[in-house]
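Peer 1: Residue numbers (the numbering used here), protein chains in the order written: chain L, 1 to 306; chain P, 1001 to 1288. Backbone N, C-alpha and C fix where the C-beta goes; we use that ideal spot for every residue, glycine too.
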Amino acid sequence: MSSPLSSMTSRLSMLFVLAATVSLAAEAQQNTVDTLHVQGNVYLLVGAGSNVAVQIGDDGILVVDPGSRETSDDVLAAIRALSDGPIRWIINTSADSDHTGGNETISQAGMTVNGNPAAIVAHENVLARMAAEDRPVTEWPLNSFFESNRDFYFNGEAVFIYHIPSAHTDGDVLVYFRGSDVLVTGDLFVTTHYPVIDLDSGGSVGGFIEGLNAALDITVPAYLQEGGTYVIPGHGRVSDEADVVSYRDMVLFVRDRVQHMIDQNMSLGQVQRAEPSLDYDSRYSNEDVPSTTEMFINAVYRSLAE
Amino acid sequence: MRVQRIIGPIICAGLFLSWAGTATAQISLVGEWTGQYHEDRDDRVPGDVQGDFTGVPMNDAARRYAEAFDVTRVAVLEHQCQPYNAAHIYRGPIQFRFWEDKDPANQEIIAYRQYSGTYMQYRTIWMDGREHPPEYAPHTHMGFSTGRWDGDILTVTTTHVKKEFYRRSGIPASDRMTMVEHYIRHGDLLSHVMIITDPDYLDEPYVNSQEFVLMDRGNQNWLYNCEYVMEVPMDKNDVPHYLPGENPFIEDYADKFGLPFEAVFGGAEAMYPEYMQRVEELINEQAQ
């Protein structure tokens, strides 16, 4: 027969366990970041503003674009659910805050081999832009580079960073994990909306197409335009070469149509009314980003006409 | 005792629901099936005439895409080995093998599998009640399929399909399509009905049906290889297409059969019997 004290203790223990369970469940529900194993050492984290790519192995953790500042705690929790290894590297594909806002949190949670916060790598134009925007120094990619490409070895595979000089911005990079055969494109390729061609940040439609062609030079399908090299876009679903081809074709067709209209001395308003991207508007015009038809055509027109 | 009286029926109900939720003792679709091409033969076997847009409820976006489509696009390296997707593959010459995957523990059907000799494509139709993957999962040519039995009709829902065409004349199929299929067996004949919805390129559901015959002897044409090579000297990154209003072949089909182009390009409206009156009006206008 149990004593009143032990009975109370037992009830309190049950309450504690129940409360802890509810608390854990609530915490799990609050984490809006989902994880998908893409291939080899590489994972995709979804729901962090932009897509987040995470490479994991014996050397530690490499993160491409930690996502937005608001979701950085959830991203860190998702990374920690995959590995408790040290976060060594962060690579930024552009300066956009939805890709780089989490730099500080993820960097500070990591550590290079010499004890500093995880190194943030990006093209020097990204560093210059973030500095000009008065972003906190702890978010800056101080490990910047100016060459056309950079490579290093991490987690048993070569990691290549290719600078695409004038596409979405002037600081875009492609990140290719050679062993895992996964390409991370940043906003050079997305499946959810039209290209955001930021002319004021050095982007151009011609450079955008060149960047997509550069991505296609890297990707190799396994069989009949499917599988093989997987592609993590800046936003949207995991893709492969066929998806990038479809997107490249779209940008190229619209570029040619707008150029043809410019050659006929049509104004921007006339081009907009001619609906040169009608066949893609339903699919890619997206007010949530925002990246609407009007914005895309405006950027293409200005890129070609100016 | 009272608890046992309650729990007993609950367990029985649970077991019954569990049993009722699985595929049991349905008609078998197992075997090797080959197309019967009496229906839509010209479209399905030799291939459609350039500019044939009839019978597809295409919307304005699809019309614009079709106007720009240049068939020489298939010479582009990345397009050469692009197979038909799930919504298109049954509309060409095709044989497929159908088999079952059973759970070794209880012999329940986990999935139906299909292998198509056309393009060597595999399909899995999950019967175990699983959900379709999230939108961020990759799309494939054959998509992700789940099935259920409605009596003796196998109904399959497919999502996550790659962008391709509904017809080789350039009617596009978007990667946001959903395809519902019905497999209906009558002895050695199999009726296959496809109902496709597409928020990007169709005004209405696109419905097709085709017949297949069970083969007594399996065919050997199960292999398909494709190597992409530069066949025509061209800029590697050039993608042939026509600017709006400049496609010289857009009216080929209408011209060949003496049909008004408006009717050929009419989409959903032109698919219904009452449109015949409009066709007659257009033909009379052309004759004047």
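Is the beta carbon of M1120 of chain P sitting closer than 9 Å to the one on L1223 of chain P?
Peer 2: In the second sequence, the residue the question calls residue 1120 of chain P occupies position 120. In the second sequence, the residue the question calls residue 1223 of chain P occupies position 223. For M1120 of chain P and L1223 of chain P, yes; Cβs fall inside 9 Å.
Peer 1: Since N143 of chain L and I161 of chain L are thought to touch, with beta carbons under 8 Å apart, how far apart are those beta carbons, to the nearest angstrom?
Peer 2: Looking up residue 143 of chain L in the first sequence gives position 143. Looking up residue 161 of chain L in the first sequence gives position 161. Not a contact, Cβ separation roughly 11 Å.
Peer 1: Straight-line CA distance for T293 of chain L to A299 of chain L?
Peer 2: Mapped onto the first sequence, residue 293 of chain L falls at position 293. Mapped onto the first sequence, residue 299 of chain L falls at position 299. Computed Cα separation, rounded: 10 Å.
Peer 1: Can you tell me whether P1046 of chain P is helix, strand or coil according to DSSP?
Peer 2: Reading the second sequence from its first residue, position 46 is the one you call residue 1046 of chain P. Note: P1046 of chain P maps to helix in three-state DSSP.
Peer 1: Against chain P, with Cβ distances strictly below 9 Å, would N213 of chain L count as a contact?
Peer 2: Translated into the one-based positions of the first sequence, residue 213 of chain L becomes position 213. Chain P, which has a Cβ nearer than 9 Å to the Cβ of N213 of chain L, makes this yes.
Peer 1: Contact check, F154 of chain L vs Y247 of chain L under 8 Å by CB: the rounded distance?
Peer 2: Residue numbering aside, residue 154 of chain L sits at position 154 when the first sequence is read from its first letter. Residue numbering aside, residue 247 of chain L sits at position 247 when the first sequence is read from its first letter. Going by Cβ atoms, the distance from F154 of chain L to Y247 of chain L rounds to 28 Å, so no, they are not a contact pair.
Peer 1: Give the straight-line distance between the Cα atoms of D1200 of chain P and T1157 of chain P, rounded to the nearest whole angstrom.
Peer 2: The residue given as residue 1200 of chain P occupies position 200 in the second sequence. The residue given as residue 1157 of chain P occupies position 157 in the second sequence. So the alpha carbons of these two residues sit roughly 18 Å apart.
Peer 1: Beta-carbon within less than 7 Å of I1283 of chain P's beta-carbon, same chain only, minus the 5 sequence neighbours each way: which residues are those?
Peer 2: Taking the first residue of the second sequence as position 1, residue 1283 of chain P is located at position 283. Contacts found: P1260.
Peer 1: For the alpha helix (DSSP H) containing T105 of chain L, name the first residue and the last one.
Peer 2: The sequence position of residue 105 of chain L within the first sequence is 105, counting from 1. Taken as a continuous stretch (DSSP letters only), the alpha helix (DSSP H) holding T105 of chain L covers 103 to 109.
Peer 1: Taking 9 Å as the cut-off, decide whether the C-beta atoms of V54 of chain L and Y43 of chain L are in contact.
Peer 2: Walking along the first sequence from the start, residue 54 of chain L turns up at place 54. Walking along the first sequence from the start, residue 43 of chain L turns up at place 43. For the 9 Å CB-CB criterion, V54 of chain L and Y43 of chain L form a contact.
Peer 1: Sort out for me which residues DSSP pairs Q1095 of chain P with in a bridge.
Peer 2: For the purposes of this step, residue 1095 of chain P is taken as the residue at position 95 of the second sequence. P:T1034, per the DSSP bridge assignment.
Peer 1: By DSSP's criteria, M1194 of chain P is part of a beta bridge. Which residues make up the other side?
Peer 2: Position 194 of the second sequence, counted from the start, is the residue given in the question as residue 1194 of chain P. In the DSSP output, where bridge partners are listed per residue, M1194 of chain P has P:E1181, P:N1208.
Peer 1: Roughly how many angstroms lie between the CA atoms of E1274 of chain P and I1153 of chain P, to the nearest whole one?
Peer 2: Residue mapping note: residue 1274 of chain P aligns to position 274 of the second sequence, counting from 1. Residue mapping note: residue 1153 of chain P aligns to position 153 of the second sequence, counting from 1. In a straight line, the C-alpha of E1274 of chain P is about 31 Å away from that of I1153 of chain P.
Peer 1: List the residues of chain L whose Cβ lies closer than 7 Å to the Cβ of N1237 of chain P, in chain order.
Peer 2: In the second sequence, the residue the question calls residue 1237 of chain P occupies position 237. Within chain L, the C-beta atoms nearer than 7 Å to that of N1237 of chain P come from N213, in chain order.
Peer 1: Among P:K1256, P:A1270, P:P1244, P:R1148, whose alpha-carbon lies nearest the alpha-carbon of Y1206 of chain P?
Peer 2: Along the second sequence, one-based indexing puts residue 1206 of chain P at 206. For the residues P:K1256, P:A1270, P:P1244, P:R1148, the minimum Cα distance to Y1206 of chain P belongs to P:A1270.
Peer 1: Looking at chain P, is there any beta carbon in it that lies within less than 9 Å of the beta carbon of F307 of chain L?
Peer 2: An answer regarding residue 307 of chain L cannot be provided, because it is not within the stretch 1 to 306 covered by chain L.
Peer 1: Should D58 of chain L be labelled buried (16 or more other beta-carbon atoms within 10 Å of its own) or exposed?
Peer 2: Translated into positions along the first sequence, residue 58 of chain L becomes position 58. With fewer than 16 other Cβ atoms within 10 Å, it is exposed.
Peer 1: Suppose the cutoff is 6 Å on Cβ atoms and the five residues either side in sequence are ignored; what does the same chain contact list for L1015 of chain P look like?
Peer 2: Taking the first residue of the second sequence as position 1, residue 1015 of chain P is located at position 15. With a pLDDT of only 48 at L1015 of chain P, under 50, the local geometry of the prediction cannot be trusted, and the value read off the model is given with reservation. Close CB contacts of L1015 of chain P within its chain, under the 6 Å cut and outside five residues either way in sequence, are absent.
Peer 1: Determine contact between the region 175 to 192 of chain L and the region 229 to 238 of chain L, defined as no fewer than three beta-carbon pairs at a distance below 8 Å.
Peer 2: yes
Peer 1: Please list the terminal residues of the continuous alpha helix (DSSP H) segment that includes S72 of chain L.
Peer 2: Taking the first residue of the first sequence as 1, we reach residue 72 of chain L at position 72. For S72 of chain L, the enclosing alpha helix (DSSP H) starts and ends at 72 to 82.
Peer 1: With distances taken between CB atoms, is the gap from V1239 of chain P to A1254 of chain P smaller than 9 Å?
Peer 2: Mapped onto the second sequence, residue 1239 of chain P falls at position 239. Mapped onto the second sequence, residue 1254 of chain P falls at position 254. In this structure, A1254 of chain P does not lie closer than 9 Å to V1239 of chain P by Cβ.
Peer 1: Could you work out which residue in L:V63, L:S180, L:A95 is closest to T229 of chain L when comparing CA atoms only?
Peer 2: Within the first sequence, numbered from 1, the residue matching residue 229 of chain L stands at position 229. Of the listed residues, the one whose Cα sits closest to T229 of chain L is L:S180.
Peer 1: Tell me which same chain residues have a C-beta within less than 8 Å of the C-beta of L1017 of chain P, skipping the five on either side of it?
Peer 2: Here residue 1017 of chain P corresponds to residue number 17 of the second sequence, with the count starting at 1. Residue placement at L1017 of chain P cannot be trusted, given a pLDDT of 47 that sits under 50; the coordinates are not used to answer.
Peer 1: Going by CA-CA distance only, name the one from L:G40, L:R129, L:N31, L:I79 that's closest to V52 of chain L.
Peer 2: The count along the first sequence starts at 1 and reaches residue 52 of chain L at position 52. Measuring from the Cα of V52 of chain L, the nearest candidate turns out to be L:I79.
Peer 1: Taking just the CA atoms, how far does Q1082 of chain P sit from V1161 of chain P?
Peer 2: Working through the second sequence from its first residue, we reach residue 1161 of chain P at position 161. Working through the second sequence from its first residue, we reach residue 1082 of chain P at position 82. If you draw a straight line from the Cα of V1161 of chain P to the Cα of Q1082 of chain P, it comes to about 13 Å.
Peer 1: With 16 other CB atoms within 10 Å as the buried threshold, where does D321 of chain L fall?
Peer 2: This structure does not reach residue 321 of chain L, given that chain L is present from 1 up to 306, and the question cannot be answered.
Peer 1: Just how far apart, CA to CA, sit H1132 of chain P and R129 of chain L?
Peer 2: Within the second sequence, residue 1132 of chain P is the residue found at index 132, counting from 1. Within the first sequence, residue 129 of chain L is the residue found at index 129, counting from 1. Cα to Cα, H1132 of chain P sits roughly 41 Å from R129 of chain L.
Peer 1: How is V289 of chain L classed by DSSP in three states: helix, strand or coil?
Peer 2: Within the first sequence, residue 289 of chain L is the residue found at index 289, counting from 1. In the structure shown, V289 of chain L sits in coil (DSSP, three-state: anything other than H, G, I, E or B).
Peer 1: Quick check: S1174 of chain P and D1198 of chain P, are their CB atoms within less than 9 Å of each other?
Peer 2: The residue labelled residue 1174 of chain P in the question sits at position 174 within the second sequence. The residue labelled residue 1198 of chain P in the question sits at position 198 within the second sequence. Yes; because the gap between Cβ atoms is below 9 Å, this pair is in contact.
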